[in-house]
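Student: In the working numbering, the protein residues as written are 13 to 246. Here it is: the structure, laid out below.
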């Protein structure tokens, strides 16, 4: 499976997810300062208990530090029609884990936002791609990572999606993505597992769990949405 690597450097379709079409519930009360009148709306992340219950919200811009609270996130692994996998490099000036190579896209569901909608929104914003055939594969994934005193602490379900075409060129957002490359999944996974390719902490741990599901993404079974954190079971 796969095709010749294709790389881009910097210069939403409906998803097949049952929980992505359900009505979003009201978000938990916000316990932080509101943005200045007339200013842009602050992006919020959902804070959660270790059991996955929503306990509040906080601005994304202030939530990542040495004592980062546990919050909701997601990781997406995107494949083209030829079976190639899109790997991305985080922008060099990002506040957290700059310049690190990782999975196709990561992000945070907004308060009350369906998971499928959050994935499609983030992929469109960061990569200019439309995602289809989304599948939940690792609903209970969580991790802690630290770099230069900044901690990531997330309940981070993992999803797999498809983009149309063979190695379509992403329209990368320069504030989010430094570079992107299409690779055969088997090559990428083997290099990560053998330590030949350095990737983010979360991506490395996810590849281990994905490989345990089967060598080919087509073999990975759909997970039960009931296994998602309670804060995502809208």
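Ideal Cβ placement from N, Cα and C applies to all residues, glycine included.
Taking buried to mean at least 16 other C-beta atoms within 10 Å of its own C-beta, is residue 224 buried or exposed?
Tutor: exposed
Student: Just how far apart, CA to CA, sit residue 47 and residue 54?
Tutor: Annotation note: pLDDT 37 at residue 47 (below 50); position unreliable, no value reported.
Student: So what does residue 147 bridge to, in DSSP terms?
Tutor: 172
Student: Tell me whether the beta-carbon of residue 82 lies closer than 8 Å to the beta-carbon of residue 141.
Tutor: Taking 8 Å as the Cβ cut-off, residue 82 and residue 141 do not qualify as a contacting pair.
Student: Within a Cβ cutoff of 6 Å, which residues of the same chain sit near residue 219, ignoring the five residues on either side of it in sequence?
Tutor: 201, 204
Student: Opposite residue 86 in the DSSP bridges: which residues?
Tutor: 119
Student: According to DSSP, is residue 98 helix, strand or coil?
Tutor: strand
Student: What are the boundary residues of the beta strand (DSSP E) that residue 56 is part of?
Tutor: Looking at the DSSP string, the run of the beta strand (DSSP E) that includes residue 56 is 56-60.
Student: Apart from the five residues just before and just after residue 150, which ones in its own chain have a Cβ nearer than 6 Å to its Cβ?
Tutor: 170, 221
Student: Let me confirm a value: residue 98 is counted as buried when at least 16 other C-beta atoms fall within 10 Å, else exposed. Which label applies?
Tutor: Only buried fits residue 98, as 16 or more other CB atoms lie within 10 angstroms of its CB.
Student: If you reduce the DSSP assignment to three classes, tell me which class residue 163 lands in.
Tutor: strand
Student: Taking DSSP as the reference, what is the three-state secondary structure of residue 235?
Tutor: coil
Student: Measuring straight from C-alpha to C-alpha, what distance separates residue 184 and residue 135?
Tutor: Cα to Cα, residue 184 sits roughly 10 Å from residue 135.
Student: Tell me the rounded alpha-carbon separation between residue 77 and residue 132.
Tutor: 27 Å
Student: Please go through the region 196-224 and give each complete alpha helix (DSSP H) segment of 4 or more residues, from N-terminal end onward.
Tutor: 197-205
Student: Can you tell me which residues form a DSSP beta bridge with residue 114?
Tutor: 100
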